[in-house]
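Take 1 as the starting number for the sequence shown in full-length UniProt numbering and just add one per residue. The C-beta atom is built at its ideal place from N, Cα and C for all residues, glycine as well. None of these values were measured; they are calculated from a predicted model. Step one of this worksheet: look at the structure below.
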Amino acid sequence: MPFFQLDPTGTWTVDVAHSEIGFAVRHLGAGKTRGKFTDFTGVVTADPKNLAKSSVSFTVQAKSIDTANEARDKHLRSGDFFDVEKFPTLSFTSTKIEKAGAGYKATGKLTIHGVTKVISFPFTVSNPVKGMQKETRAGVEARFTINRKDYGLVWNALVEGTQVVGEQVEISLDLEGVKK
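Take a look at the structure:
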């Protein structure tokens, strides 16, 4: 069966082994520090014919932050940033999915560091395909930016008048789902 004939309608679970929730933030205004979260779960309910029945939600374990620098990761887990002991998870739950150009737009509640804000972001969905074990898979990609200070992540320092950590954080969601 050609991939474009597979029906995307249904519930999909995020395959963490083939997915990434990443971020990038300016460091000293000169470059970017990139990282990802390695422990998360997610569920997508898709109904392309009735988007009001569609939804997306994911939960991220804050302590799973990984920037490939253990000292920096320890600082990010501390009370200066994510305070993972007090706020162990980050989450997003959609309240609305709508068509937007060639893709879609998700609107929902993003909670980081105990602060919840309503955000919207564009995303695209790949055509469903059959996997190696005959399961049905599809991908979701999204890119958007948040201001970390909006979520209480306010720590910073100045080096010769330049902020060590930028305020704008680029979020990247590269998710692969498996249809239930």
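- Exclusion of the five residues before and after Gly22 leaves Lys36, Ser172 as the residues of its chain whose Cβ lies within less than 6 Å of its Cβ.
- By the Cβ test, the region 84-97 is in contact with the region 56-67, since at least three Cβ pairs between them sit closer than 8 Å.
- Secondary structure at Lys53: helix, using DSSP grouped into helix, strand and coil.
- Closest in alpha carbon position to Thr95, among Val115, Leu76, Lys53, is Lys53.
- In its chain, beyond the 5 residues on either side, Trp12, Val56, Gly177 have a beta carbon closer than 6 Å to the beta carbon of Val44.
- With contacts defined by Cβ atoms closer than 8 Å, Phe81 and Leu28 do not form a contacting pair.
- In this structure, Ala62 is the residue among Ala62, Ala30, Gly103, Lys74 with its C-alpha nearest to the C-alpha of Thr38.
- Going by beta carbons, Asp150 and Lys117 fall inside the 8 Å limit.
- The bridge partners DSSP lists for Pro122 are Lys105.
- Contact between Ala138 and Pro122 is ruled out by a C-beta separation of about 17 Å, above the 8 Å threshold.
- Inclusion of Ala24 and Arg34 in the CB contact set at 8 Å is warranted, their separation being smaller than that value.
- Excluding its 5 nearest sequence neighbours in each direction, Leu6 has C-beta neighbours in its own chain below 8 Å: Asn127, Pro128, Val129, Lys130, Thr136, listed in chain order.
- DSSP, reduced to helix, strand and coil, places Lys63 within a helical segment of the structure shown.
- Boundaries of the beta strand (DSSP E) around Glu176: 165-179.
- In the structure shown, Lys134 adopts coil according to DSSP, grouped into three states.
- In the assembly as shown, Ala71 is an exposed residue. Its beta-carbon has fewer than 16 other beta-carbons within 10 Å.
- Relative to Ile112, the option among Ile146, Gln133, Gly42 whose CA is nearest is Ile146.
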